[in-house]
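Worksheet: one structure, shown below.
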Amino acid sequence: MDARRIRLHMTGGTVDPGGDRGVKGSGNIPADQYVNLLAAINGGFKGPHGGFGMYADGKEYRPLRNGLASIAVMKDGAIKMGEWGKDLSWDENTVAVRQNAVLLVQGGEVSPRTAEGNDTWGYVEVDSSEFITWRSAIGLTKDGNLLFAAGNSLSAETLAKALWAAGAHTAMQLDINSPYVLISAFFAQPGGTPKAERFMDNMPDSPARFLKAQERDFFWVTLDETHYR
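The sequence shown begins at 36 in my numbering and counts up by one.
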């Protein structure tokens with residue numbers, strides 16, 4: 036997606052990632068944004084699964100931690116991605132940040148950490164790097180355009196390689212497993228509620244899921260050509 040013509044939003048869920056800390060989000064896309072709504076994708080792991088940070092809507096759902104893959108949105112709509120504490124840090128222009136695991140693609144190269152075992156790439160009962168399942172990710176090209184990615188039968192490494200092949204300069208994994216992984220595209224309708232379509236026909240959940248209150252955090256994109264040149 037052309038980052039000059041969109042705005043990326045992050046919304047905390049009514050349960051995750053901060054519910055166990057008493058910090059709950061609306062879980063909603065405001066109805067007045069439906070006319071400009073383009074797409075949505077699931078967020079990251081549950082709050083207790085790794086304790087990855089999130090800040091959005093003026094709330095700290097979980098504290099931001101150094102060393103983690105992070106995506107940030109600034110007041111002017113700019114999107115940044117990198118390792119928190121190294122490539123990115125908090126400043127007064129930051130409006131939203133989501134962290135999840137470590138980077139899949141870093142500096143235009145597939146991260147060697149995609150082969151890392153333990154629970155880096157998912158809280159499962161086997162080596163998380165080799166666990167084959169539905170996976171999702173978000174990335175940026177070298178010129179700053181936004182990438183969403185998702186698919187079935189993926190390991191962390193194959194997901195990273197797919198993003199790299201698509202032009203990702205930096206990328207991070209989001210949630211894994213069915214039915215959590217979902218990308219929806221939206222098309223404005225005269226009645227107000229947009230038509231929703233799945234990014235892939237075999238994605239198991241309804242593409243209209245994001246039009247209802249969500250227990251878990253997610254990202255959504257609107258058309259915004261305020262700064263388009």
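Glycine included, C-beta positions come from ideal geometry on N, C-alpha and C.
### Query
Going by Cα to Cα distance, which pick from Asp252, Ala203, Ala200, Gly142 is closest to Leu209?
In the sequence shown, the residue the question calls residue 209 occupies position 174. Closest by alpha carbon: Asp252.
### Query
What does a CB cutoff of less than 7 Å around Gly224 pick up in its chain, not counting 5 residues either side in sequence?
On the sequence shown, residue 224 is found 189 positions in, with the first residue counted as 1. In the sequence under discussion, the amino acid at residue 224 is Gln, which differs from the Gly named in the question. Answer for Gln224: Lys230, listed in chain order.
### Task
For my contact list, Ala74 and Trp255 are in at a C-beta cut-off of 8 Å; report their separation, rounded to the angstrom.
One-based indexing of the sequence shown puts residue 74 at position 39. One-based indexing of the sequence shown puts residue 255 at position 220. Rounded, the Cβ-Cβ distance is 7 Å, consistent with contact.
### Task
From the DSSP output, in three-state form, read off Gln249 for me.
By 1-based counting over the sequence shown, the position of residue 249 is 214. Note: Gln249 maps to coil in three-state DSSP.
#### Entry: Exposure label - Trp125; buried when at least 16 CB within 10 Å
Residue mapping note: residue 125 aligns to position 90 of the sequence shown, counting from 1. Exposed, since its Cβ has fewer than 16 Cβ neighbours within 10 Å.
### Task
Under 8 Å by Cβ, that's how I've got Pro214 and Asp240 pegged, so tell me the actual separation to the nearest angstrom.
Within the sequence shown, numbered from 1, the residue matching residue 214 stands at position 179. Within the sequence shown, numbered from 1, the residue matching residue 240 stands at position 205. The beta-carbon distance between Pro214 and Asp240, rounded to whole angstroms, is 4 Å. This is short enough to meet the 8 Å contact definition.
### Task
Report the option in His262, Leu189, Leu217 whose CA atom is closest to the CA atom of Ile76.
Taking the first residue of the sequence shown as 1, we reach residue 76 at position 41. Taking only the C-alpha atoms, the option nearest Ile76 is Leu217.
### Query
Is Gly93 near Leu103, with beta carbons less than 8 Å apart?
Against the sequence shown, residue 93 aligns to sequence position 58. Against the sequence shown, residue 103 aligns to sequence position 68. Contact flag unset, no.
### Task
Look at Tyr96 and Gly53 and say whether their C-beta atoms are less than 8 Å apart.
Taking the first residue of the sequence shown as 1, we reach residue 96 at position 61. Taking the first residue of the sequence shown as 1, we reach residue 53 at position 18. Closer than 8 Å, so yes.
### Query
Counting along the chain, where does the beta strand (DSSP E) carrying Thr46 start and finish?
Here residue 46 refers to the residue found at position 11 of the sequence shown. 41-46 is the extent of the beta strand (DSSP E) around Thr46.
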